[in-house]
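Note that UniProt numbering numbers the sequence shown so that position 223 is 223, with each residue one more than the last.
By construction, the Cβ of each residue, glycine as well, lies at the ideal position given by its N, Cα and C atoms.
Report on the following structure.
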Amino acid sequence: MEIIGQIYEALDDDEAQEVLPDHLAGALRGRSCTIQTFSPQFELEEMWLNHFSAAMDDYYRLHSLHRHDAWTKTNLTRIGLNRSAKHSDFVEISEFRNSFFFNEFIRQFGDDSGQCMGFISKRSDDGLVVLGIQKAYIEDDFSDDELGLLELLRPHITRMAVLRRNLNRHKEQASGAILGINEIEDAYLVLAADRRISFANAEAEALLNHPSLLRSSQGRLFLHRPQDDQKLAAALNDANHNHRSGRLSYLGQDSTGTTWRFTLAPKKFEGETKVLVWIDRCKASASAPIAMQQIYGLTEAELPILMAVSQGYSAAEISDQHQISIATVRTHIQHIYQKTGVQKASQLAQLVASLPRIRQPEG
Numbered sequence: 001m002e003i004i005g006q007i008y009e010a011l012d013d014d015e016a017q018e019v020l021p022d023h024l025a026g027a028l029r030g031r032s033c034t035i036q037t038f039s040p041q042f043e044l045e046e047m048w049l050n051h052f053s054a055a056m057d058d059y060y061r062l063h064s065l066h067r068h069d070a071w072t073k074t075n076l077t078r079i080g081l082n083r084s085a086k087h088s089d090f091v092e093i094s095e096f097r098n099s100f101f102f103n104e105f106i107r108q109f110g111d112d113s114g115q116c117m118g119f120i121s122k123r124s125d126d127g128l129v130v131l132g133i134q135k136a137y138i139e140d141d142f143s144d145d146e147l148g149l150l151e152l153l154r155p156h157i158t159r160m161a162v163l164r165r166n167l168n169r170h171k172e173q174a175s176g177a178i179l180g181i182n183e184i185e186d187a188y189l190v191l192a193a194d195r196r197i198s199f200a201n202a203e204a205e206a207l208l209n210h211p212s213l214l215r216s217s218q219g220r221l222f223l224h225r226p227q228d229d230q231k232l233a234a235a236l237n238d239a240n241h242n243h244r245s246g247r248l249s250y251l252g253q254d255s256t257g258t259t260w261r262f263t264l265a266p267k268k269f270e271g272e273t274k275v276l277v278w279i280d281r282c283k284a285s286a287s288a289p290i291a292m293q294q295i296y297g298l299t300e301a302e303l304p305i306l307m308a309v310s311q312g313y314s315a316a317e318i319s320d321q322h323q324i325s326i327a328t329v330r331t332h333i334q335h336i337y338q339k340t341g342v343q344k345a346s347q348l349a350q351l352v353a354s355l356p357r358i359r360q361p362e363g
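As structure tokens, then:
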């Protein structure tokens with residue numbers, strides 16, 4: 001799905017983040033999209049939006065209107081955390097039009113936004129990720145299919161926002177974006193159209209120094225297995241000539257038979273199109289439990305159960321391992337499935353393995 005690729009492009013690309021509201025609004029049949037992150041003290045950290053004027057954006061920030069935002073209040077007080085919903089299921093549009101937020105802000109600037117669907121996801125530090133998709137109050141409400149798509153995208157949007165925040169913290173600590181990229185546990189390269197490597201982070205350098213998966217020749221990237229190198233050639237050709245905005249992904253193997261995932265994304269660097277290549281093992285990393293907790297709000301008790309289920313252990317085996325009853329294990333599993341939106345262990349394993357891995361800050 002192209003929109004998922006566009007979401008993850010925003011992880012490390014400010015320009016992609018700026019246009020992400022346009023992409024999300026289009027995919028969800030809305031007119032506008034607002035993405036916000038908040039500190040545990042409910043202070044606005046970051047906000048990206050489209051449609052709304054620069055004057056509205058400035059006024060909202062200057063006067064801390066997030067504290068009066070009727071859409072956010074509806075999510076917090078009526079809808080709840082970690083699920084997507086149409087606001088019309090909880091608040092009549094007439095009630096919204098009578099609100100301070102609509103009359104003193106929306107209408108004051110000549111706007112007619114009213115219909116909304118969205119979500120609030122809670123981070124592990126008690127901060128929030130908030131998203132709203134809006135359109136005019138006179139338009140038809142969002143459909144159930146559009147709401148279903150938003151719920152499908154919700155964990156991806158939350159994951160991107162949480163990981164982007166972690167990466168930005170590393171950039172600040174490491175004095176620059178390139179050093180921040182070295183904090184990513186996966187291999188990360190930037191290639192020119194002719195495969196020439198213009199950047200490789202520490203993990204990529206390590207793979208190149210032990211060429212069971214990758215090798216470089218005259219500064220160009222090649223893969224160990226011919227069939228995987230052909231996949232890379234095809235993906236690079238597609239990325240360079242079609243300039244797709246979604247990331248391209250395929251699997252390859254090293255000389256030991258270990259499976260790796262390659263994800264490609266074309267980006268503009270000073271007017272020249274280059275390709276970002278992200279390479280990760282198809283298995284969970286040590287940071288996976290932390291990421292799952294941040295994204296899905298899992299409890300400390302649920303985390304070891306999550307990892308055991310994703311690794312293929314049965315409820316009885318988990319019961320023996322952790323010295324808790326099978327009934328308790330099954331209750332935890334049910335809650336994990338509900339929070340993550342999966343229905344079986346294999347889907348959970350896929351979800352855990354798909355997490356981009358970022359080292360957690362010390363302290």
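Assumed close pair residue i, residue j - CB separation to whole angstroms, cut-off 8 angstroms
i, j, result
"Ala10", "Arg164", "7 angstroms"
"Thr72", "His63", "Between His63 and Thr72 the Cβ distance is about 15 angstroms, and since that is not below 8 angstroms, they are no contact."
"Gln115", "Ala136", "7 angstroms"
"Ala187", "Asn209", "At roughly 12 angstroms, the Cβ-Cβ gap does not stay under 8 angstroms, so Ala187 and Asn209 are not in contact."
"Leu191", "Leu152", "About 31 angstroms; that fails the 8 angstroms criterion."
"Phe119", "Arg154", "5 angstroms"
"Ser310", "Ala265", "With 8 angstroms as the limit, Ser310 and Ala265 do not qualify as a contact, their Cβ atoms being about 26 angstroms apart."
"Val277", "Leu207", "With 8 angstroms as the limit, Val277 and Leu207 do not qualify as a contact, their Cβ atoms being about 11 angstroms apart."
"Asp280", "Arg261", "5 angstroms"
"Ser143", "Ser212", "No, Ser143 and Ser212 are not in contact; Cβ-Cβ is about 50 angstroms, not under 8 angstroms."
Per-residue burial, residue i [other beta carbons within 10 Å of its own, 16 or more giving buried]
i, result
"Lys339", "buried"
"Phe52", "buried"
"Thr37", "buried"
"Gln6", "buried"
"Asn98", "exposed"
"Asn82", "buried"
"Ala70", "buried"
Sequence-distant residues of the same chain with beta carbon closer than 6 angstroms to residue i, five excluded per side
i, result
"Arg78", "Phe90"
"Asp126", "Pro40"
"residue 400", "The question about residue 400 has no answer, for the chain in this structure spans 1 to 363."
Where residue i falls: helix, strand or coil (DSSP)
i, result
"Lys339", "helix"
"Pro45", "It should be pointed out that residue 45 corresponds to Glu in this sequence rather than to Pro. In the structure shown, Glu45 sits in a strand (DSSP, three-state: E or B)."
"Asp280", "strand"
"Gln321", "helix"
"Ile197", "strand"
"Phe96", "helix"
"Pro21", "helix"
"Val129", "strand"
"Lys231", "helix"
"Lys274", "strand"
"Pro361", "For Pro361, the predicted model reports a pLDDT of 48, less than 50, meaning its position is unreliable and no value from the coordinates is stated."
"Pro155", "helix"
"Arg225", "coil"
"Val162", "helix"
"Gly26", "helix"
"Gln134", "strand"
Proximity below 8 angstroms, CB of residue i to CB of residue j
i, j, result
"His68", "Phe100", "yes"
"Val162", "Asn75", "no"
"Ser88", "Gln293", "no"
"Leu25", "Ile138", "This sequence places Ala at residue 25; Leu is not what is there. No, these two residues do not count as a Cβ contact at 8 angstroms."
"residue 387", "Asp13", "Because residue 387 is not part of the residues shown, which for the chain are 1 to 363, the question remains open."
"Pro21", "Leu44", "no"
"residue 379", "His23", "Because residue 379 is not part of the residues shown, which for the chain are 1 to 363, the question remains open."
"Ile336", "Leu298", "yes"
"Leu28", "Leu150", "yes"
"Ala316", "Ile305", "no"
Close-in-space but distant-in-sequence residues of the same chain around residue i (CB under 8 angstroms, 5 per side omitted)
i, result
"Leu147", "Ser84, Ala85, Lys86 and Met117"
"Gln321", "Ala308 and Tyr313"
Residue-chain proximity (residue i, chain B), Cβ-Cβ < 8 angstroms
i, result
"Arg97", "Structure shown: chain B not included; a single protein chain is present."
7 angstroms CB neighbourhood of residue i in its chain, flanking five on each side removed
i, result
"Leu351", "Thr340 and Val342"
"Gln347", "none"
The ligand SAM heavy atom lying under 7 angstroms from the CB of residue i
i, result
"Arg78", "Of ligands this structure carries none, so the ligand SAM is not represented either."
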